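Remarks on the structure that follows.
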Amino acid sequence: ILYFNMNYSQDFILGNFLSSTNNINQSLNQEVINEDVYIFGDYLGTIEVGVDYTANVRDAYLVKYNSEYKIDWFKQIGGGGIDFGSAMTTDGNYLYLTGGFQQDITFGTTTLNSSGFLDIYLAKYDLSGKELWAKRIAYNEGRQFVSSIVIDKNGDILVAGYYRDSIAFPNNDRYINAYGLYITKLDN
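Residues are numbered in the working numbering as their position in the sequence shown, beginning at 1, plus a constant of 8.
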């Protein structure tokens, strides 16, 4: 990932990069808070940012660049299977991350276990990169995918996506269909 800050005359001001030995995705997941840039995505292979972070299969990551576009910190988010970093939003004080995972996924001190082929997680981080909580919010034997996340005017979290075969939520609502869309609202 190469991030540039340019003014209206299109003169180059600053830049920096993050690269992987195999593949890296950003998926338009970036937030700017007080001139700091937070980027969320997933990667294959190894990312080197002072130390090596090697993905088990595909892992998610969260990185903070300061106002000089130097990396302040990097967080690897992963487990034994494929872990996607699909969408991120902020309320200005915290970062909310969502994506899919197989088998298990670890966020700091919290590990979630999958009950199907691909489950959906939601995690909250503070701006210093500390994981505050992580939850499995959609799951079942089929495949669940996440497309977007927003915070509404009441501070509640809305996550939307699609599924194949079936989907279940923590309140025990369960839907079975060949393909379907979902939206779920969670209190903050």
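Beta carbons: idealized from backbone N, C-alpha and C, even for Gly.
For clarity, every value in this text was computed on a predicted model and none was experimentally measured.
- Item | For asparagine 42 and leucine 120, the rounded distance between their alpha carbons | To locate residue 120, count along the sequence shown from 1; it is residue 112. To locate residue 42, count along the sequence shown from 1; it is residue 34. Straight across, the Cα-Cα distance linking leucine 120 with asparagine 42 is about 32 Å.
- Please look up how many angstroms separate the CB atoms of glycine 163 and tyrosine 147, rounded, as I've assumed it's under 8 Å. Numbered from 1 along the sequence shown, position 155 holds the residue referred to as residue 163. Numbered from 1 along the sequence shown, position 139 holds the residue referred to as residue 147. The C-beta distance from glycine 163 to tyrosine 147 rounds to 25 Å, too long to fall under 8 Å, and the pair is not in contact.
- Task: Look at the Cβ atom of glycine 87, then the Cβ atom of isoleucine 113, and state whether they are nearer than 9 Å.
- Result: Looking up residue 87 in the sequence shown gives position 79. Looking up residue 113 in the sequence shown gives position 105. Yes, they are a contact pair.
- Task: Taking only the alpha-carbon atoms, compute the straight-line gap between tyrosine 77 and leucine 70 and give it to the nearest angstrom.
- Result: If you number the sequence shown from 1, residue 77 lands on position 69. If you number the sequence shown from 1, residue 70 lands on position 62. When rounded, the distance between both Cα atoms is 15 Å.
- Measuring CA to CA, which of Tyr190, Ala142 and Gln38 is closest to glycine 100? The residue you call residue 100 lines up with position 92 of the sequence shown. Here the closest residue by C-alpha is Gln38.
- Message: Buried or exposed, going by whether 16 or more other CB atoms sit within 10 Å of the CB of tyrosine 183?
- Response: The residue given as residue 183 occupies position 175 in the sequence shown. So tyrosine 183 counts as exposed.
- Hey, does aspartate 91 have any beta-carbon neighbour from chain D nearer than 9 Å? Among the protein chains of the structure shown there is no chain D, as only one such chain exists.
- At what residues does the beta strand (DSSP E) containing aspartate 44 begin and finish? The sequence position of residue 44 within the sequence shown is 36, counting from 1. Where aspartate 44 is concerned, the enclosing beta strand (DSSP E) starts and stops at 44-52.
- Looking at the structure shown, is valine 158 part of a helix, part of a strand, or coil, going by DSSP? The residue labelled residue 158 in the question sits at position 150 within the sequence shown. Note: valine 158 maps to strand in three-state DSSP.
- Between which two residues does the beta strand (DSSP E) harbouring aspartate 80 extend? Numbered from 1 along the sequence shown, position 72 holds the residue referred to as residue 80. Run containing aspartate 80: 79-85, per the beta strand (DSSP E) assignment.
- Message: Please classify serine 122 as buried or exposed, where buried requires at least 16 neighbouring CB atoms within 10 angstroms.
- Response: Your numbering for residue 122 matches position 114 in the sequence shown. Counting the other Cβ atoms within 10 Å of the Cβ of serine 122 gives 16 or more, which makes it buried.
- Item | Terminal residues of the beta strand (DSSP E) in which lysine 138 lies | Along the sequence shown, read from residue 1 onward, the residue named residue 138 stands at position 130. Per DSSP, lysine 138 lies in no beta strand (DSSP E) and is assigned neither H nor E.
- Item | Option nearest glycine 107 by Cα separation, candidates Gly116, Thr117 and Met96 | Locating residue 107 in the sequence shown gives position 99, where the first residue counts as 1. Comparing Cα-Cα distances from glycine 107 to each of Gly116, Thr117 and Met96, the minimum goes to Met96.
- The beta strand (DSSP E) with threonine 97 in it runs from where to where? Along the sequence shown, read from residue 1 onward, the residue named residue 97 stands at position 89. For threonine 97, the enclosing beta strand (DSSP E) covers residues 95-98.
- Unbroken beta strand (DSSP E) run spanning asparagine 31, endpoints: Along the sequence shown, read from residue 1 onward, the residue named residue 31 stands at position 23. Element bounds for asparagine 31: 31-33.
- Could you tell me which of Val158, Arg151, Ile165 and Lys161 sits nearest to tyrosine 171, measuring between CA atoms? The residue you call residue 171 lines up with position 163 of the sequence shown. Considering only Val158, Arg151, Ile165 and Lys161, the residue with the shortest C-alpha distance to tyrosine 171 is Arg151.
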